[in-house]
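Asker: Supplied in structure tokens, the structure appears directly below.
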Amino acid sequence: MDTLHFTVLPEDDGITMGTFLRKRCGLSSRVVVSLKRQPEGMLADGVRLRTIDSLSAGQIVTVTLPTDVPKIEGADIPLDIVYEDEHLLVINKPAYLAVHPSAGKPEPTLANAVVAYFEKTGTPRSFRPTNRLDRNTSGLLLAAKHQPAAFALNGRVRKEYRAIALGELHGSGTINEPLRVKEGCTITREVGEGGKPSITHWECLQTDGEISYLRIVLETGRTHQIRAHLSWLGHPLAGDTMYGTDETLMPRHALHCCRMEIDHPFCDETLVLEAPLPTDMQELLDSRGFGM
């Protein structure tokens, strides 16, 4: 079980314990109900309170979370762990590994691997990713170890990608075009009226006229945002047969989450984490004489 401590801020003076747990700690109503059943599930300055009792600014709320019960089975798949503490787990996900199980696809996923890892370390937990990567996208993926961490991470994470796009690009630019589900499809996105606001910033690091190596920063995080935006720009990713036609340069789309900055929600620290370019993308650049 996890025991967490929260300080009641001046703006929360007079708030009830139940409201504080849901709106400030990010706990679900189900978890709050379970805390009511535990003798020391929710304390204020060491004293047990009810959910209807009021809190005062400056009090320390202590929450002992119930034991987490994963809803999927673990799978023994090696993990490249970049960072871990009692609240967060950051993994360098390889390409060709789906993040979550899906209907009709029995193959083990990153979720199964993380659940198995938690079981081995003696702390069974659910898998709570805060960002998603496509099956064939590689790179950094952040998971929260408990509900309050998942809630508190909102707006605290900045990601940077590397991509190899087809064609010649120079300089930098911003794609500010809405994305919607393509008509007749369930997953493929396209730029179009009625779509969700989507903003992608790109910078060309190097080009040989046939491919361009890009640095990409997302301002929004829509499904397939980078892939759909670059395709709209006329420069789909190398190897991306969903949004382009190339299937010769890469056996998968050339996209990698290489850097992540996390304003840690439980300590006064900003984590800066990096994952090197995977072998397949590096080999493509090397074959073209890119000096990276």
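Under this note's numbering, the residue at position 282 of the sequence shown is numbered 284, and the numbers go up by one with no gaps.
Using N, Cα and C, we set each Cβ at its ideal position, and we do this for glycine too.
What three-state label does DSSP hand P280 in the structure shown?
Answerer: coil
Asker: Report, in whole angstroms, the separation of the C-beta atoms of V34 and R24, which I expect to be a contact under 8 Å.
Answerer: Right, their Cβ atoms sit about 6 Å apart.
Asker: Give me, in chain order, the residues of the same chain whose beta-carbon lies closer than 7 Å to that of D15; leave out the 5 immediate sequence neighbours on both sides.
Answerer: S58, A59
Asker: Could you check whether L144 and L91 sit closer than 9 Å to each other, using their CB atoms as the reference points?
Answerer: yes
Asker: Going by the CB atoms, is the gap between A256 and A146 shorter than 9 Å?
Answerer: no
Asker: Relative to the C-alpha of D282, which residue among E221, L235, Y98, R52 is closest?
Answerer: Y98
Asker: Does DSSP classify V63 as helix, strand or coil?
Answerer: Under the three-state reduction of DSSP output, V63 falls in the strand class.
Asker: Select from R134, N178, A151 the residue whose C-alpha is nearest the C-alpha of T111.
Answerer: R134
Asker: With a 10 Å radius around its C-beta and 16 neighbouring C-beta atoms as the bar for buried, classify A298 as buried or exposed.
Answerer: For residue 298 there is no data in the structure shown, the boundaries of the chain being 3 and 294.
Asker: Comparing alpha-carbon positions, which option in T21, C206, G186, A230 lies nearest I193?
Answerer: Looking at the sequence itself, residue 193 is Val, so the reference to Ile does not match. Considering only T21, C206, G186, A230, the residue with the shortest C-alpha distance to V193 is A230.
Asker: Tell me the rounded alpha-carbon separation between T190 and V183.
Answerer: 6 Å
Asker: Measure from the alpha carbon of Q61 to the alpha carbon of each residue in P96, F22, K95, then state which is nearest.
Answerer: F22
Asker: Excluding sequence positions up to five away, which residues of its chain have a Cβ less than 8 Å from the Cβ of E86?
Answerer: Contacts found: V92.
Asker: For L352 and Y119, which I take to be in contact (beta-carbon distance under 8 Å), what is that distance rounded to the nearest angstrom?
Answerer: Given a span of 3 to 294 for the chain in the structure shown, any question on residue 352 remains unanswerable.
Asker: Are E263 and V159 touching if we call contact CB-CB under 9 Å?
Answerer: yes
Asker: Whose CA, out of T5, A152, L171, L232, lies closest to the CA of I177?
Answerer: Comparing Cα-Cα distances from I177 to each of T5, A152, L171, L232, the minimum goes to L232.
Asker: Tell me the rounded alpha-carbon separation between P180 and T188.
Answerer: 17 Å
Asker: Could you say which of G20, S289, S30, P280 lies nearest to A151 if we only look at CA atoms?
Answerer: S30
Asker: Give the straight-line distance between the Cα atoms of C259 and R50, rounded to the nearest whole angstrom.
Answerer: The alpha-carbon atoms of C259 and R50 are separated by roughly 44 Å.
Asker: Given a cut-off of 9 Å on the beta-carbon distance, is the pair Y245 and P253 in contact?
Answerer: When the beta-carbon positions are compared, Y245 and P253 stay at least 9 Å from each other.
Asker: Tell me whether P131 is buried or exposed, calling it buried when 16 or more other Cβ atoms sit within 10 Å of its Cβ.
Answerer: buried
Asker: Please report the distance separating the alpha-carbon of L220 from that of V117.
Answerer: 29 Å
Asker: Quick test of your reading: T9 and S56, contact by CB under 8 Å. State the CB separation rounded to the nearest angstrom.
Answerer: Here T9 is actually not in contact with S56; their C-beta atoms are around 16 Å apart, not less than 8 Å.
Asker: Would you tell me roughly how many angstroms separate the C-alpha atoms of E249 and G28, rounded to the nearest one?
Answerer: 44 Å
Asker: Between which two residues does the beta strand (DSSP E) carrying M19 extend?
Answerer: No beta strand (DSSP E) contains M19, which is instead part of the alpha helix (DSSP H) from 19-25.
Asker: Looking only at its chain, what residues have a beta carbon closer than 8 Å to the beta carbon of E42, apart from the 5 residues adjacent to it on each side?
Answerer: R50, T64, T66
Asker: So which of R39, I83, A113 has the shortest CA-CA distance to I74?
Answerer: The option with the nearest alpha carbon to I74 is A113.
Asker: Please list the segments of the beta strand (DSSP E) lying wholly inside the region 150-223, counting only runs of 3 or more residues, in order along the chain.
Answerer: 159-168, 174-178, 181-183, 191-193, 201-209, 213-220
Asker: State the Cα-Cα distance for the pair R52 and K198, rounded to the nearest angstrom.
Answerer: 41 Å
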